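Here the working numbering runs 35 ahead of the position in the sequence shown, where the first position is 1. Here a beta-carbon is modelled for each residue, glycine too, at the ideal position from N, C-alpha and C. Just so we're clear, the structure is a prediction, and the values are computed from it rather than from any experiment. Take a look at the structure below.
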Amino acid sequence: MLQVWQKSHALTVDVYQVTHSFPSDERYGLTQQLRRAAASIPANIAEGAGRRTKSDFARFIDIASGSANEALYHMMLSRDLLLLSESTYESLATRAVEVRRMLTSLAQTLRSRSSEQELKTED
Numbered sequence: 036m037l038q039v040w041q042k043s044h045a046l047t048v049d050v051y052q053v054t055h056s057f058p059s060d061e062r063y064g065l066t067q068q069l070r071r072a073a074a075s076i077p078a079n080i081a082e083g084a085g086r087r088t089k090s091d092f093a094r095f096i097d098i099a100s101g102s103a104n105e106a107l108y109h110m111m112l113s114r115d116l117l118l119l120s121e122s123t124y125e126s127l128a129t130r131a132v133e134v135r136r137m138l139t140s141l142a143q144t145l146r147s148r149s150s151e152q153e154l155k156t157e158d
């Protein structure tokens with residue numbers, strides 16, 4: 036199992052736990068948006084891993100990275116609205132940034148391997 040998937044899954048579980056204490060009037064607003072963005076990260080990694088080509092996998096990794104960016108924004112908004120404490124925000128955001136960096140590295144690796152395979156088939 037990919038380490039980036041494990042880290043993003045753990046982040047998602049923690050997002051669900053901390054958003055449980057958000058006000059009920061945010062249930063269909065910020066709570067849902069943050070949860071969906073976080074859950075989209077490991078879901079897209081899993082979906083991409085099941086694709087046939089490395090370039091297809093890389094595309095899903097890019098989508099997961101976009102979801103990490105979205106989750107980061109929702110975390111910041113939650114902090115600014117005083118729904119998350121500064122320390123909780125820092126912890127979640129640090130982990131989300133780490134996941135995003137790992138996703139960027141994975142996408143680059145997949146693309147370089149895909150390019151290498153294309154060059155070999157052209158020879």
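- Inclusion of residue 102 and residue 76 in the CB contact set at 7 angstroms is warranted, their separation being smaller than that value.
- The residues 72, in chain order, have a CB closer than 6 angstroms to that of residue 105 in the same chain once the five nearest residues on each side in sequence are set aside.
- Residue 84 is positioned such that its CB atom lies no closer than 7 angstroms to that of residue 47.
- Straight through space, the alpha carbons of residue 148 and residue 108 are spaced by roughly 32 angstroms.
- CA-CA distance, residue 92 to residue 137, rounds to 14 angstroms.
- Annotation for residue 65: the continuous alpha helix (DSSP H) segment containing it runs 65–84.
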